[in-house]
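Using my numbering, the final residue of the sequence shown is 291, and nothing's skipped along the way. C-beta: ideal position from N, C-alpha, C; glycine also. As the structure is a prediction and not an experimental result, all values here were calculated from the model. Note sheet for the following structure.
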Amino acid sequence: MTTRLKNWLKTSVLGGLLVCCIAFISGATAPAAYAYNNPELLPDEPTMVIDLAKILTNSQEEYLNKHLPEFEEETGWKLRVLTQFDQTPGRAVKDFWGLDEKSVMLIADPRGGNILNFSVGDSVYPLLPRVFWIELQTRFGNQFFVRDHGEDQSIMQAISSLETCLARGGCSVVPGLPQEQWILTLITSILGGIICGFAAHPRKEGQVFSWQWMLIFSPLWGMLFIAFGIGPVVTRTQDLLPLIRNFAGFLIGALVAFLSPTFTNSSAGGEA
Numbered sequence: 020m021t022t023r024l025k026n027w028l029k030t031s032v033l034g035g036l037l038v039c040c041i042a043f044i045s046g047a048t049a050p051a052a053y054a055y056n057n058p059e060l061l062p063d064e065p066t067m068v069i070d071l072a073k074i075l076t077n078s079q080e081e082y083l084n085k086h087l088p089e090f091e092e093e094t095g096w097k098l099r100v101l102t103q104f105d106q107t108p109g110r111a112v113k114d115f116w117g118l119d120e121k122s123v124m125l126i127a128d129p130r131g132g133n134i135l136n137f138s139v140g141d142s143v144y145p146l147l148p149r150v151f152w153i154e155l156q157t158r159f160g161n162q163f164f165v166r167d168h169g170e171d172q173s174i175m176q177a178i179s180s181l182e183t184c185l186a187r188g189g190c191s192v193v194p195g196l197p198q199e200q201w202i203l204t205l206i207t208s209i210l211g212g213i214i215c216g217f218a219a220h221p222r223k224e225g226q227v228f229s230w231q232w233m234l235i236f237s238p239l240w241g242m243l244f245i246a247f248g249i250g251p252v253v254t255r256t257q258d259l260l261p262l263i264r265n266f267a268g269f270l271i272g273a274l275v276a277f278l279s280p281t282f283t284n285s286s287a288g289g290e291a
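Here you go:
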């Protein structure tokens with residue numbers, strides 16, 4: 020072993036020991052982690068909302084303090100709201116609110132990319148699966164929603180969706196159809212209609228429409244129209260207007276494709 024290699028090994032070992040000693044000393048002398056269990060931040064009186072980040076208005080906080088106990092009495096489900104920024108009471112809120120398997124605590128923290136997080140009791144998951152919580156977080160907690168509607172509305176809309184789903188006995192998806200999601204369903208409906216119209220175009224002389232080709236392409240246009248165009252609408256809202264618009268989009272797309280002169284000319288040129 021060369022002298023240079025020996026010196027390098029000695030330096031590495033000494034450096035590692037020094038890092039370990041610093042970490043041990045820092046851990047031994049560090050103050051207690053009050054950020055994870057700090058009951059001093061809890062209010063003295065009972066409340067349904069602990070707004071440490073000062074996100075909610077006074078009227079919103081008063082509404083939640085009045086409405087959430089009524090909801091709990093009617094349904095048995097306990098909803099609580101905690102907002103935090105630099106400090107959090109942490110585990111102390113569990114005893115303060117008596118959180119159990121039928122409880123949901125909404126945690127709003129503006130420091131992250133998504134403002135919303137949830138602490139969910141075990142009895143809630145059979146009614147609201149994990150996919151529901153992901154959609155709830157991404158719909159109301161994302162930066163675009165917060166920018167357009169505010170942090171307070173992010174909390175209020177999420178609580179409203181939870182109340183709706185728990186009161187009805189569960190949801191597989193978040194109720195409501197945002198405009199951007201409806202536009203996507205409309206686009207897929209129109210695209211499905213275009214594919215269906217092209218497939219139905221007559222390919223033989225005297226044929227009104229080609230139902231055989233419609234059936235062949237039915238998995239494609241059916242998936243676009245039914246699965247992606249109609250399914251998200253009927254599972255999220257009972258409003259008939261977006262459903263009627265998607266049906267109209269499908270029919271218009273199919274009619275335009277079916278009567279397309281470009282396709283007709285290409286078919287005539289192929290027969291000639």
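Let me know the secondary structure DSSP gives G109 once reduced to three states.
strand
Mind listing, in chain order, the continuous alpha helix (DSSP H) runs of no fewer than 4 residues lying wholly within the region 225-288?
Taken in chain order, the complete alpha helix (DSSP H) segments of 4 residues or longer contained in the region 225-288 are 230-235, 237-241, 250-253 and 259-277.
Please report the distance separating the alpha-carbon of E120 from that of F163.
32 Å
Who pairs with N136 in a beta bridge, going by DSSP?
I126
If I follow the unbroken alpha helix (DSSP H) through V100, where does it start and stop?
Careful: V100 lies outside any alpha helix (DSSP H), inside the beta strand (DSSP E) at K97 to T102.
I'd like to confirm the pairing. Which residues does DSSP put opposite D70 in its beta bridges?
T102
Looking at the structure shown, is K223 part of a helix, part of a strand, or coil, going by DSSP?
Judged by DSSP in its simplified three-state form, K223 adopts coil rather than helix or strand.
Give the single residue among P58, G248 and L278 whose Cα lies nearest to the Cα of K113.
P58
Taking only three categories from DSSP, how would you classify S179?
helix
Chain E beta carbons: is any one of them nearer than 8 Å to that of F151?
No chain E appears in this structure, which consists of one protein chain only.
Take V363 and list the residues in its own chain whose beta-carbon comes closer than 6 Å to its own, dropping the five residues that flank it on each side.
This structure leaves residue 363 out entirely; the chain is present only between 20 and 291.
Please report the distance separating the alpha-carbon of G169 from that of L75.
10 Å
Just how far apart, CA to CA, sit Q106 and R130?
When rounded, the distance between both Cα atoms is 11 Å.
Measure from the alpha carbon of P261 to the alpha carbon of each residue in E199, G212, S173 and H220, then state which is nearest.
Among E199, G212, S173 and H220, the Cα nearest to that of P261 is on E199.
Starting from L203, trace the alpha helix (DSSP H) in both directions and tell me its first and last residue.
Note, L203: alpha helix (DSSP H), Q198 to A218.
Exposed or buried, which one is P108 when buried takes at least 16 other CB atoms within 10 Å?
buried
If you drop the 5 nearest sequence neighbours on each side, which residues of the same chain put their C-beta closer than 6 Å to that of W240?
G211, I214 and C215
Take the Cβ of W201 as the centre, count every other Cβ of all protein chains shown within 10 Å, and call the residue buried at 16 or more, exposed below.
Residue environment: W201 is assigned as buried (16 or more neighbouring CB atoms within 10 Å of its CB, all protein chains considered).
Would you report the Cα separation of V100 and D258, rounded to the nearest angstrom?
30 Å
Identify, in the order they occur along the chain, each residue of the same chain with its Cβ nearer than 7 Å to the Cβ of T66, setting aside the five sequence neighbours on each side.
N84
Pick helix, strand or coil for A42, following the three-state DSSP scheme.
At A42, the pLDDT of 40 sits below 50, so the modelled position is not reliable; the number obtained from the coordinates is stated separately. In the structure shown, A42 sits in a helix (DSSP, three-state: H, G or I).
Name the two residues that bound the continuous alpha helix (DSSP H) containing E80.
N77 to T94
Assuming contact is defined by CB atoms lying nearer than 8 Å, are G293 and L146 in contact in what I supplied?
The question about residue 293 has no answer here: the residues shown for the chain are numbered 20 through 291.
Between which two residues does the alpha helix (DSSP H) harbouring E120 extend?
It is not in any alpha helix (DSSP H) - E120 carries neither H nor E in the DSSP assignment.
State the Cα-Cα distance for the pair D63 and T157, rounded to the nearest angstrom.
34 Å
Using a 10 Å radius around the Cβ and a threshold of 16 neighbouring Cβ atoms, would you call V143 buried or exposed?
buried
Is it right to say R166 is buried, meaning 16 or more other beta carbons lie within 10 angstroms of its own, or is it exposed?
exposed
Is it right to say K97 is buried, meaning 16 or more other beta carbons lie within 10 angstroms of its own, or is it exposed?
buried
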